[in-house]
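Below is one structure, written out as structure tokens; the observations come after it.
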Amino acid sequence: MPVNIDSYKKISEELASNNVTLVAVSKTKSTEEILELYNLGQRDFGENYVQELVEKHEKLPKDIRWHFIGHLQSNKVKLIAPFISMIHSVDSFKLLKEINKQALSNSRIIDCLLQVYIAKEETKFGLSEDEVKKILNEIDDTQILRNISIKGFMGMASFTDNLQVVKQEFKFLKALYDQYSQSSHHSSLTILSMGMSADYELAIEEGSNMVRIGSLLFGKRN
Ligand SMILES: *Cc1c(COP(=O)(O)O)cnc(C)c1O
Numbered sequence: 268m269p270v271n272i273d274s275y276k277k278i279s280e281e282l283a284s285n286n287v288t289l290v291a292v293s294k295t296k297s298t299e300e301i302l303e304l305y306n307l308g309q310r311d312f313g314e315n316y317v318q319e320l321v322e323k324h325e326k327l328p329k330d331i332r333w334h335f336i337g338h339l340q341s342n343k344v345k346l347i348a349p350f351i352s353m354i355h356s357v358d359s360f361k362l363l364k365e366i367n368k369q370a371l372s373n374s375r376i377i378d379c380l381l382q383v384y385i386a387k388e389e390t391k392f393g394l395s396e397d398e399v400k401k402i403l404n405e406i407d408d409t410q411i412l413r414n415i416s417i418k419g420f421m422g423m424a425s426f427t428d429n430l431q432v433v434k435q436e437f438k439f440l441k442a443l444y445d446q447y448s449q450s451s452h453h454s455s456l457t458i459l460s461m462g463m464s465a466d467y468e469l470a471i472e473e474g475s476n477m478v479r480i481g482s483l484l485f486g487k488r489n
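Our numbering runs 267 ahead of the 1-based position in the sequence shown.
Below, the structure is given as structure tokens:
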């Protein structure tokens, strides 16, 4: 299926006027397809698999901002640490410590989002509200993780046609985000990454400022 240029133009304009950042999710898509959007000005791309991301990063222009949005294993962090722009899927303190370590050895500070579990499904990764609190407290108390910067939260809503359910999940994450980002302690929290092809409009209504859209731009994945 070809890249949907019209859809890209419409969505990117709509998002820009709402000050929402578009992460174009390019997992399973070719470097040629990615370049089609790159040539229209798109710079933020999201990938789920480490090996695939490393190969694409090598082949594609170096001013692309790569977002890692899939489940990340600690032992793979070192492969993306030299270049990754933002990791959306931090779901443990252990992973955060490893990101910090690899960022340090690359003399970088890596931006991270805490992935919060908001769906009703068992299969989605992420932290509970209590775990978020614990991690943020631990970072504040210890002040040891100087090479990571927590920028906000990421969440994935339930895979359902019931928009009321999805809306409640987004509301929950927005409330958690407001609670932390508005405290003077956590003023570096400025990003709320929620919304995908099926629910991005609803996510923006509920306060998202970063959406991750794949199939609406690149067509369905196999
Ligand atoms: C694949 C993926 C997306 C994009 O999904 P679409 O429905 O194709 O827009 C967004 N976020 C995450 C975490 C994903 O894995």
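Think of the CB as a built atom: it goes at the ideal place given N, C-alpha and C, for glycine as much as any other residue.
Keep in mind it's a predicted model, so treat the numbers as computed, not measured.
- Residues of the same chain with a CB within less than 8 Å of the CB of Y316, apart from the 5 flanking positions on each side, are K294, G337 in chain order.
- Here K296 carries a coil assignment [DSSP, helix/strand/coil].
- Ligand 1 has a heavy atom closer than 6 Å to the beta-carbon of N315.
- In the three-state DSSP reduction, L307 falls in the coil class, being neither helix nor strand.
- Comparing alpha carbon positions, the residue from N414, E303, G308 closest to A283 is G308.
- Residue state for H452 is assigned as helix, using DSSP reduced to three classes.
- I385 sits close to F439, with the two beta carbons spaced by under 7 Å.
- One thing to note: L320 has its Cβ no nearer than 7 Å to the Cβ of S341.
- The beta strand (DSSP E) runs lying completely inside the stretch 428-483 and spanning 3 residues or more are 458-461, 477-480, given in chain order.
- The beta carbon of S460 is closer than 6 Å to those of H355, L380, M421, M477 in its chain, skipping five residues each way along the sequence.
- Per the DSSP secondary-structure output, Q382 pairs in a beta bridge with M421.
- Per DSSP, the unbroken beta strand (DSSP E) holding I354 starts and ends at 353-357.
- A residue is called buried when at least 16 other Cβ atoms come within 10 angstroms of its Cβ; Q382 meets this threshold and is buried.
- Proximity of the beta carbon of R332 to ligand 1 is not indicated: no heavy atom of the ligand is located closer than 6 Å.
- When rounded, the separation of the alpha-carbon atoms in L469 and D330 is 30 Å.
- Distances between the C-beta of M463 and the heavy atoms of ligand 1 include at least one below 6 Å.
- As computed with DSSP, S416 is found in a beta bridge with D378.
- Using a cutoff of 6 Å, the CB of V433 does not count as near ligand 1, since none of the ligand's heavy atoms is closer than that.
- For F360, the secondary structure class from DSSP, reduced to helix, strand or coil, is helix.
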